[in-house]
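Residue numbers for the sequence shown follow full-length UniProt numbering, beginning at 1 and rising by one. A virtual CB, placed ideally from N, CA and C, is assigned to each residue, including glycine.
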Amino acid sequence: MGAECSIDADSPPSKASSGSGKSTLLRCINQLEVISAGRVRLSGVLQGYREIDGKLHQLSQRQVSEQRRRTGMVYYRRRMMPIASFIVVTRPLTPEEVEATLPGNRNYTNSLNIANYFRLTPDNRLLFGGRAKFSAASNQKTDVRSGELLRKQMLDVFPQLADVEIDYCWGGLVGCTQDRFPRAGTADGLIYGMGYSGHGAQLSTLIGNVLADIAMGRTDTNPIGGMDWNAVPLHTGKPWFLPMVGTYYRLKDMLA
Ligand SMILES: Cc1cc2nc3c(=O)[nH]c(=O)nc-3n(C[C@H](O)[C@H](O)[C@H](O)COP(=O)(O)OP(=O)(O)OC[C@H]3O[C@@H](n4cnc5c(N)ncnc54)[C@H](O)[C@@H]3O)c2cc1C
Numbered sequence: 001m002g003a004e005c006s007i008d009a010d011s012p013p014s015k016a017s018s019g020s021g022k023s024t025l026l027r028c029i030n031q032l033e034v035i036s037a038g039r040v041r042l043s044g045v046l047q048g049y050r051e052i053d054g055k056l057h058q059l060s061q062r063q064v065s066e067q068r069r070r071t072g073m074v075y076y077r078r079r080m081m082p083i084a085s086f087i088v089v090t091r092p093l094t095p096e097e098v099e100a101t102l103p104g105n106r107n108y109t110n111s112l113n114i115a116n117y118f119r120l121t122p123d124n125r126l127l128f129g130g131r132a133k134f135s136a137a138s139n140q141k142t143d144v145r146s147g148e149l150l151r152k153q154m155l156d157v158f159p160q161l162a163d164v165e166i167d168y169c170w171g172g173l174v175g176c177t178q179d180r181f182p183r184a185g186t187a188d189g190l191i192y193g194m195g196y197s198g199h200g201a202q203l204s205t206l207i208g209n210v211l212a213d214i215a216m217g218r219t220d221t222n223p224i225g226g227m228d229w230n231a232v233p234l235h236t237g238k239p240w241f242l243p244m245v246g247t248y249y250r251l252k253d254m255l256a
């Protein structure tokens, strides 16, 4: 109560005895706790509330999210871009349709910049994935639209499936780096492994072990340690440039 605390953004993570309130302070700064007394200001900006004539008015959840975007992970937000990724799955194909589609039952990817990948599932459905739209949004509405786009891409490759229904469609955001190569190490007081750029299913499990090693003080097991990782120019968190990047790579793919 009444304590005033000023923290320099460049100072190392605070060390204090267990139970002294380190986590609670961090949780308050990130607004994971309701700040019930006093005020938390970050770079002079009041957190969680708007003050009008000395009275505090709690911010809406949306405004809190907006504030949080500027609170933490600044180092990472300037280096990482969220990009939506999608998958559609057809109904089970008949043996004749399988024969006319993927007779060798292999896994495939094409060599486009905005690539598609596809395979049969154990019950002979065609699973077809890709970027569909180059955007940083993935919710039910955008996923449906992206599913439709992905189906069009699927029919470009397999026009014989025009009458085959899509049974499933899902999507999510993948974290991309500028060179689409992952990074792992420590920065800003955090141990991190990220930026798998849509290829993390295998590597993230390996890097998980590496991060555990780093936490135990061992750094020589990190195969991608020490790589340069510059901020993306003009990128402060919202990847406003993604539609342009998507158009550029689509044009390259069309001209290739
Ligand atoms: C549609 C789609 C298709 C993909 N296809 C492929 C593919 O074919 N091959 C491939 O290699 N990769 C693919 N990927 C990418 C792959 O899934 C990721 O690269 C990989 O999962 C990253 O692993 P991760 O452990 O870093 O993160 P995640 O797998 O995302 O794990 C992070 C975990 O942390 C949890 N979490 C988040 N916030 C909190 C919190 N505040 N508190 C507690 N828990 C939290 C999440 O719930 C999640 O379980 C695909 C991704 C998508 C979306």
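Quick one: what does DSSP say residue i is sitting in, helix, strand or coil?
{"i": "residue 25", "result": "helix"}
{"i": "residue 51", "result": "strand"}
{"i": "residue 1", "result": "Legend: pLDDT at residue 1 = 47, less than 50; position of this residue unreliable, value from coordinates given subsequently. Three-state result, residue 1: coil."}
{"i": "residue 203", "result": "helix"}
{"i": "residue 45", "result": "strand"}
{"i": "residue 40", "result": "coil"}
{"i": "residue 251", "result": "helix"}
{"i": "residue 186", "result": "strand"}
{"i": "residue 196", "result": "coil"}
{"i": "residue 12", "result": "Its pLDDT being 47, under 50, residue 12 is placed unreliably by the model, and the measurement read from it follows with that caveat. Here residue 12 sits in coil by DSSP."}
{"i": "residue 191", "result": "strand"}
{"i": "residue 243", "result": "helix"}
{"i": "residue 159", "result": "helix"}
{"i": "residue 275", "result": "Because the chain in this structure spans residues 1 to 256, residue 275 falls outside the shown range and cannot be described."}
{"i": "residue 17", "result": "coil"}
{"i": "residue 62", "result": "helix"}
{"i": "residue 99", "result": "helix"}
{"i": "residue 68", "result": "helix"}
{"i": "residue 138", "result": "coil"}
{"i": "residue 35", "result": "coil"}
{"i": "residue 256", "result": "coil"}
{"i": "residue 232", "result": "coil"}
Would you kindly check if the distance between the Cβ of residue j and the Cβ of residue i is under 7 angstroms?
{"i": "residue 184", "j": "residue 230", "result": "no"}
{"i": "residue 207", "j": "residue 191", "result": "no"}
{"i": "residue 105", "j": "residue 120", "result": "yes"}
{"i": "residue 237", "j": "residue 77", "result": "yes"}
{"i": "residue 249", "j": "residue 113", "result": "yes"}
{"i": "residue 261", "j": "residue 130", "result": "Within the shown structure, residues of the chain are numbered from 1 to 256, placing residue 261 beyond reach of any answer."}
{"i": "residue 232", "j": "residue 178", "result": "yes"}
{"i": "residue 107", "j": "residue 71", "result": "no"}
{"i": "residue 151", "j": "residue 166", "result": "yes"}
{"i": "residue 27", "j": "residue 33", "result": "yes"}
{"i": "residue 211", "j": "residue 226", "result": "no"}
In the DSSP assignment, what residue or residues form a beta bridge with residue i?
{"i": "residue 208", "result": "Bridge partners of residue 208: none, in fact."}
{"i": "residue 170", "result": "87"}
{"i": "residue 81", "result": "176"}
{"i": "residue 57", "result": "50"}
{"i": "residue 109", "result": "117"}
{"i": "residue 128", "result": "88, 118"}
Determine, using beta carbons only, whether residue i comes closer than 7 angstroms to chain C.
{"i": "residue 246", "result": "As a matter of chain content, chain C is missing from the structure shown, which is built from one protein chain."}
Which residues have a Cβ closer than 7 angstroms to any heavy atom of ligand 1, listed in chain order? 85, 86, 87, 117, 129, 170, 171, 172, 173, 174, 193, 194, 196, 198, 199, 200, 201, 202, 204, 208
Stretch pair the segment 35 to 44 + the segment 131 to 139: three plus CB contacts closer than 8 angstroms: no
Decide if the segment 143 to 153 is in contact with the segment 84 to 98; the criterion is three or more beta carbon pairs, one per stretch, under 8 angstroms apart. The segment 143 to 153 is in contact with the segment 84 to 98.
Touching or not, the segment 171 to 185 and the segment 197 to 214, by the rule of three or more beta carbon pairs under 8 angstroms? yes
At a cut of 8 angstroms, does the segment 100 to 115 reach the segment 47 to 59 through at least three beta carbon pairs? no
Three-pair Cβ contact test at 8 angstroms for the segment 118 to 126 versus the segment 90 to 97: yes
With three or more beta-carbon pairs closer than 8 angstroms as the criterion, would you say the segment 63 to 77 touches the segment 156 to 163? Because the criterion of three Cβ pairs below 8 angstroms is not met, the segment 63 to 77 and the segment 156 to 163 do not touch.
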